[in-house]
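Here is the structure we will look at.
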DNA sequence: ATAAATTATTAACGGCGTGAAATATTAGCC
DNA sequence: GGCTAATATTTCACGCCGTTAATAATTTAT
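Protein chains in written order, with the working numbering: chain A, 1 to 210; chain B, 211 to 420.
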């Protein structure tokens, strides 16, 4: 498992003297708790409930993107996920060894490898999403429709504001973790979506986080 | 940099047939975008702006916790961050090599090593938090106080609901990423807070994510 | 026909985690 | 006081995961 991130030193000062205000502090606090909780769905403990192999986060993300967009190439996959082709190739080695993915030489270009998820791989991803939904549906139900809508409105507003100020535009944006929507406000701000279907596969709702 | 997480396969079914509802889908979408954006504050690109060494996320988190709680032991640090003592020791090797942390044998027990951040280490952490605050204060300002309060209320409610259903209680909870508050609702649900000051140091607002 | 570019893989490296073993020290028990 | 068990940390060997650079095969451009 990996470890965490931001601490606040309330005494610290930068050249413009900024210290988190009470509002910002509270936002960071609850924002980070949510981040941590959502992240737990990619820890090996959770993944182990849908896969008999010990699947790592990285492997799972590769698998998810392959499942969502069939016939990606190794290099495309690498660009989508923001890693090098070498890293892509090695992760695919491991997924192949687990029988979750297979490589096929492209008919059109013998250099190119097309990637497909195996039946096991597809099932694993499906089971994962079902389990995740089963875990979280009661949470949303308990919050209620009106509050959920309000929360999502506010989250979107704050994310757009953050993204508008982000400094490193990405070539591809997978920030939604694959909870894709065609009219994505985030995509318009930065980075085309790696999840936008490329071949009219009909898979409109897929996802991976970069 | 590391890569992403959850995709949704809208056609998938688990034994109880759960598929994300539209509400859950939207929540996951915006929740993951926020998670991704907050996470970018721990990427090497951001860390590089406050540190001339190339500091990794892991190293930074170790440093942050050491800064927040002086005189932690190697084993305590490991438990707080949910890693093994061996991992703790090695990360400390690297931080020591960078001059950001030092080890001191405890006066009371010669087996125990007490950890301290150097002046450089403390300054780095301070600069980090100031830069982060400088980046995010305008976001919160643009949202406005009332909406920020509303957003935080809703975030806290949903996080409590998620935590109430979490299955793997942690020995220590650092989910707030160190944006600590003495009356923590999350701490009451699960895992004592690793950030609660242990020696009355007066550092009430500190943090790391586990 | 040739050179340049592209695609994927491999090698070497460092970061980061693990469990097991080793070493030094302290605590508990007789 | 002596001995055993427990504790604290470090080191080792390993695998995962990323990088850059080099390589080989193939396609594209000239």
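In this text, a Cβ means the ideal position worked out from N, Cα and C, and glycines have one as well. All values derive from a computational prediction rather than experimental measurement.
Asked	Found
Within 8 Å, do at least three Cβ pairs link the segment 338-345 of chain B to the segment 302-311 of chain B?	no
Go ahead and label residue 179 of chain A buried or exposed: buried means 16 or more other beta carbons lie within 10 angstroms of its beta carbon, across all protein chains shown.	buried
Counting only Cβ-Cβ distances shorter than 8 Å, please list the residues of the segment 350-365 of chain B near chain A, keeping chain order.	350, 352, 353, 355, 357, 358, 359, 360, 361, 362, 364, 365
Can you tell me the Cα-Cα spacing of residue 147 of chain A and residue 139 of chain A, whole angstroms?	12 Å
Taking the beta strand (DSSP E) that residue 114 of chain A falls in, what are its first and last residues?	113-117
Mind checking if residue 386 of chain B is an interface residue toward chain A, Cβ cutoff 8 Å exclusive?	yes
Quick one: what's residue 61 of chain A bridged to in DSSP?	Answer by DSSP bridge pairing: none, since residue 61 of chain A is not bridged.
Is it buried or exposed for residue 193 of chain A, if we count other Cβ within 10 angstroms and need 16 for buried?	buried
Based on DSSP bridge pairs, tell me the residues matched to residue 101 of chain A.	A:117
Closer than 6 Å by C-beta to residue 117 of chain A: which residues in its own chain qualify, once you throw out the five before and the five after it? Chain order, please.	66, 67, 101
For residue 243 of chain B, collect the residues of the same chain with a Cβ closer than 6 Å to its Cβ; drop the 5 residues on either side in sequence, then sort them by chain order.	none
I want to see whether chain B comes within less than 8 Å of residue 34 of chain A, judged by CB atoms only; does it?	yes
Following the continuous alpha helix (DSSP H) through residue 150 of chain A, name the residue where it begins and the one where it ends.	145-164
From residue 31 of chain A to residue 141 of chain A, what does the alpha carbon distance come to, in whole angstroms?	20 Å
Between the C-alpha atoms of residue 27 of chain A and residue 335 of chain B, what's the straight-line distance to the nearest angstrom?	20 Å
Need the endpoints of the alpha helix (DSSP H) that residue 36 of chain A sits in, please.	22-39
By the 9 Å beta-carbon criterion, what residues does the segment 331-347 of chain B contribute toward chain A?	332, 333, 335, 336, 337, 338, 339, 340, 341, 342, 343, 344, 345, 346, 347
With H, G and I counted as helix, E and B as strand and the rest as coil, what does DSSP make of residue 136 of chain A?	helix
On a CA-only basis, which of A:162, A:136, A:111, A:184 is nearest residue 233 of chain B? Give me that one, please.	A:136
To the nearest angstrom, report how far apart residue 56 of chain A and residue 44 of chain A are at their CA atoms.	6 Å
Please confirm whether residue 21 of chain A has its beta-carbon closer than 8 Å to some beta-carbon of chain B.	yes
Is DSSP giving residue 72 of chain A helix, strand or coil here?	strand
Using a C-beta to C-beta distance shorter than 7 Å, which residues of chain B count as neighbours of residue 110 of chain A?	Result: empty, since nearest Cβ-Cβ is about 28 Å, beyond 7 Å.
For residue 277 of chain B, name the three-state secondary structure that DSSP assigns.	helix
Residue 182 of chain B CB to nearest chain A CB: under 8 Å?	Residue coverage of chain B in this structure runs from 211 to 420, which leaves residue 182 of chain B outside it and unanswerable.
Could you check the C-alpha separation between residue 153 of chain A and residue 363 of chain B for me, to the nearest Å?	14 Å
Interface residues of chain B around residue 163 of chain A at Cβ under 9 Å?	243, 247
According to DSSP, simplified to helix, strand and coil, what is residue 295 of chain B?	helix
Closest by CA to residue 383 of chain B, which one among B:392, B:377, B:292?	B:292
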